[in-house]
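Only one structure is covered here, and it is reproduced in the block below.
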Amino acid sequence: MNKEHLTAWILLSPALLVLGVFGIFPIFYAFFVSLHAWRIRQGEVVGAVHYLQALGDPAYLGLAAVAAALIWLAWRWGHRPNAELAVTNKPQVTPGSRPGVWFVASLVLGASGFVVLAMALGGLAETGDLRLYNGFKITLFYVLGTVPAEIAISMVLAYLLFRAQRGKSVFRVLFFLPYVTPMIATAVVFRTVFSPHPSSMANRFWGWFGLENQRWLFEGRSVAALLLEGLGVGSYPDWVNDLFPSLALVSIILYNIWVYVGYNTVIMLAGLSAIPRHFFEAAAIDGASAIRSFIHVTLPLLSPTVFFLTLVGVIGTFKAFNHIYIMRTAGAQDSVDVLPVVIFDQIYQFHDAGYASALALILFAAILLLTVMQNRLLGKRVFYGD
Amino acid sequence: MKTVGSKKGTLLAIGLACGGVIASLPFVWMLLASFMTRGETLRRAFLPGDIQWGNYAKAWSEEDFGSYFENSLIIAALQVGGTLLFSLMAAYPLARMKFRGREVVFMIILATLMVPETVTMVPNFLTVSWLHHNSPFGWINNWPALTIPFMASAFTIFLLRQFMRGIPEELWDAAQIDGAGHLRFLFQIVLPMCRAPLLTVGMLTFISSWNALGWPLLVTNTPAWRPISVALLKFVSEAGAEVHLQMAGAVIATIPVLLLYALIQKEFTEGISMSGLKG
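Protein chains in written order, with this note's numbering: chain A, 606 to 991; chain B, 14 to 292.
Here it is, written out as structure tokens:
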């Protein structure tokens with residue numbers, strides 16, 4: 606028995622050594638480093654200075670927390686009378702409940718929550734590191750631009766593959782190709798596809814519609830601003846540029862969709878194929894149309910797959926580095942700099958390990974928070990069968 | 014009825030074909046452009062006039078892609094071999110042996126999945142620099158820094174453990190009757206059974222090793238061990254408008270992965286599908 610213990614630990618030891626030294630120890634080490642001035646080598650202890658420098662005035666942080674609490678409360682109240690409805694999915698109102706009062710209260714709370722949040726964010730952006738908040742904003746654009754589109758397109762493609770009689774495996778291989786091919790190579794290809802040169806593929810495609818050449822990856826102005834300029838509106842307020850993604854970011858988003866749709870399709874197809882056939886047959890016997898059967902049978906049974914893909918997609922966006930680092934240009938300014946890029950610059954260009962570690966841990970906290978939130982918000986709506 | 018069916022079939026085919034064209038168009042463009050002259054890439058040409066094989070020779074020797082290619086191959090081979098061996102060794106006791114602390118160890122291993130590379134990069138760079146000065150062999154600008162930190166993967170261990178739990182207990186009983194211990198059982202019975210998952214995670218490890226960019230930039234500052242990813246980045250940012258050579262470089266960087274994919278396409282796609290189903 607003792608010998609078996611020994612064998613087990615010997616087998617485990619190489620992996621544990623590597624994971625311990627390069628996977629777990631770095632979290633604590635990063636925290637230690639973040640509390641020091643640390644250029645090339647260890648300097649004096651500076652405490653929370655890096656975190657304050659990055660996040661901004663703690664008073665505004667407190668305000669943001671208050672805003673989050675308000676919005677959370679509003680969300681809870683708004684759902685209270687419907688709590689049972691969400692489970693049974695029947696459009697009935699239980700007699701005796703007062704949805705009106707709760708609804709108005711939650712609306713007021715939610716609205717004030719968002720006002721407070723806007724104030725807090727304004728203050729944080731002013732007192733903290735603009736690159737950090739800009740990075741979060743770009744990540745948000747990036748998530749909203751990629752994840753829903755990838756899920757929708759891959760669902761259609763998976764459905765087509767599922768229904769196809771012939772050529773299934775050929776198309777599956779074809780769709781999977783962009784995901785398998787090294788991103789360092791395809792990102793280089795897309796740099797030329799989205800180049801500002803008149804001969805680039807994007808500009809040629811644009812030309813078919815009689816539209817002017819664009820600067821694509823070199824364009825730091827937002828798509829909304831470009832649209833206004835295209836319509837002949839010369840002057841617009843600053844927020845038109847601030848609240849919309851730049852054309853450079855949109856180009857990267859299109860690239861990202863191109864890469865991951867194939868992966869999502871393969872997973873989605875596996876999910877579809879795992880649904881027992883008798884569900885579809887029962888729906889057909891009940892006279893459900895193809896669309897109704899898709900909404901009421903396929904979608905709920907596919908929800909664990911969609912949930913998995915959303916989770917992977919969102920976390921992947923927070924970690925995106927390689928292709929953005931290759932596709933970023935001077936012309937795009939900071940409009941594509943997600944946090945991993947900002948953090949990498951901090952260590953690679955400025956050799957500031959202390960501040961880079963603080964930023965990295967803030968990113969880590971954000972990812973953890975987001976994962977927990979996603980699990981709580983979406984996890985409940987997932988149907989895992991009985 | 015028949016016509017409705019065939020109409021649907023046509024729609025299906027059109028939808029799939031559209032997806033296929035969009036998926037493959039950038040590859041077609043990459044290949045075509047890699048055979049063009051510089052003038053042709055600037056002149057909106059769609060097809061190369063004369064096929065310029067010279068682009069590849071130029072990228073391979075003058076731009077030194079040959080040696081970066083070799084570096085990347087060695088790095089990937091070491092990383093794939095190391096990860097598969099160590100993960101197999103770790104997955105086995107977690108799946109099939111009884112010892113105190115097993116669940117705790119497994120949870121700790123899974124926890125490392127949550128940590129993004131951005132967080133570990135800075136401290137690992139400091140660790141590797143320290144090791145560079147305090148170990149018998151150099152780490153910076155050398156293969157250890159590029160491969161050893163990635164020689165175990167929680168994801169691989171998790172996937173192999175799940176697979177090994179499905180191996181029937183009777184096999185182990187039979188092996189014991191024949192006098193085999195855990196080690197012989199692992200390497201003679203379990204290892205061959207794990208062929209499909211090993212191919213899948215091997216391919217994933219190869220791709221991630223081939224794609225690595227940030228870490229190699231940090232730990233190599235001479236061309237000696239520079240991988241092809243770093244070479245491509247430098248090439249793109251320095252060579253400006255040399256589109257035909259960039260594309261030749263991209264094709265060179267793509268070939269090994271596509272070759273591997275062609276060889277194990279079936280197992281790999283199946284393996285990826287399974288990983289999604291189990292979550």
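Virtual Cβ for every residue (Gly too), placed ideally from N, Cα, C.
C-beta contact flag for residue i and residue j at 8 Å
i	j	result
L944/A	L968/A	yes
L737/A	A659/A	yes
V132/B	A620/A	no
W156/B	L91/B	yes
L779/A	S717/A	no
V270/B	V785/A	yes
I929/A	V941/A	yes
S804/A	T54/B	yes
I756/A	T915/A	yes
E280/B	T213/B	yes
V249/B	R933/A	no
A124/B	W223/B	no
V798/A	A807/A	yes
V135/B	I952/A	yes
V947/A	L964/A	yes
Assigned secondary structure, residue i (DSSP; H/G/I helix, E/B strand, else coil)
i	result
A893/A	coil
E649/A	strand
A193/B	coil
A642/A	strand
S827/A	strand
S908/A	helix
S940/A	coil
L621/A	helix
G851/A	Looking at the sequence shown, residue 851/A is not Gly but Ser. In the structure shown, S851/A sits in a strand (DSSP, three-state: E or B).
F776/A	helix
T744/A	helix
F219/B	helix
Q954/A	coil
P181/B	coil
R771/A	coil
G114/B	coil
C207/B	coil
I64/B	coil
P39/B	helix
R56/B	coil
Pick from the options that is closest to residue i, judged by C-alpha positions
i	options	result
P905/A	G876/A, T922/A and I931/A	G876/A
A72/B	L273/B, E255/B and V270/B	E255/B
I758/A	F767/A, D950/A, G867/A and D957/A	G867/A
F719/A	E755/A, L907/A and W677/A	W677/A
A710/A	F776/A, E886/A and W682/A	W682/A
L211/B	S74/B, W238/B and I277/B	I277/B
W238/B	F176/B, L60/B, L86/B and L45/B	L86/B
L975/A	P850/A, Q954/A, L745/A and A935/A	L745/A
A679/A	G648/A, Y665/A and L714/A	L714/A
G179/B	W228/B, V117/B, T267/B and A108/B	A108/B
R174/B	C207/B, F200/B and H195/B	C207/B
Burial state of residue i (16 or more Cβ within 10 Å)
i	result
C31/B	exposed
P181/B	exposed
G284/B	buried
N607/A	exposed
I190/B	exposed
L766/A	buried
T235/B	exposed
I64/B	exposed
D891/A	exposed
M978/A	exposed
F40/B	buried
I896/A	exposed
L973/A	exposed
Q954/A	exposed
N927/A	buried
7 Å Cβ cut-off: residues of chain D touching residue i
i	result
N137/B	The structure shown contains no chain D; its protein chains are A and B.
Contact the region 149 to 168 of chain B vs the region 616 to 626 of chain A: 3+ CB pairs below 8 Å:
yes
Specify whether the region 825 to 834 of chain A and the region 738 to 753 of chain A touch according to this definition: at least 3 beta carbon pairs, one from each stretch, less than 8 Å apart.
no
contact_flag[the region 20 to 27 of chain B, the region 859 to 873 of chain A] where n(CB pairs < 8 Å) is 3 or more:
no
Quick check: the region 666 to 683 of chain A against the region 718 to 731 of chain A, are there 3 or more CB pairs under 8 Å?
yes
Counting Cβ pairs, one atom from each stretch, are 3 or more of them under 8 Å apart for the region 74 to 84 of chain B and the region 135 to 148 of chain B?
no
Inter-stretch contact (C-beta, 8 Å, three-pair minimum) for the region 58 to 70 of chain B and the region 125 to 142 of chain B
no
Validate contact between the region 949 to 962 of chain A and the region 648 to 658 of chain A using beta carbons, cut 8 Å, 3 pairs:
yes
Sufficient close CB pairs (3 or more, under 8 Å) joining the region 817 to 824 of chain A to the region 884 to 897 of chain A
no
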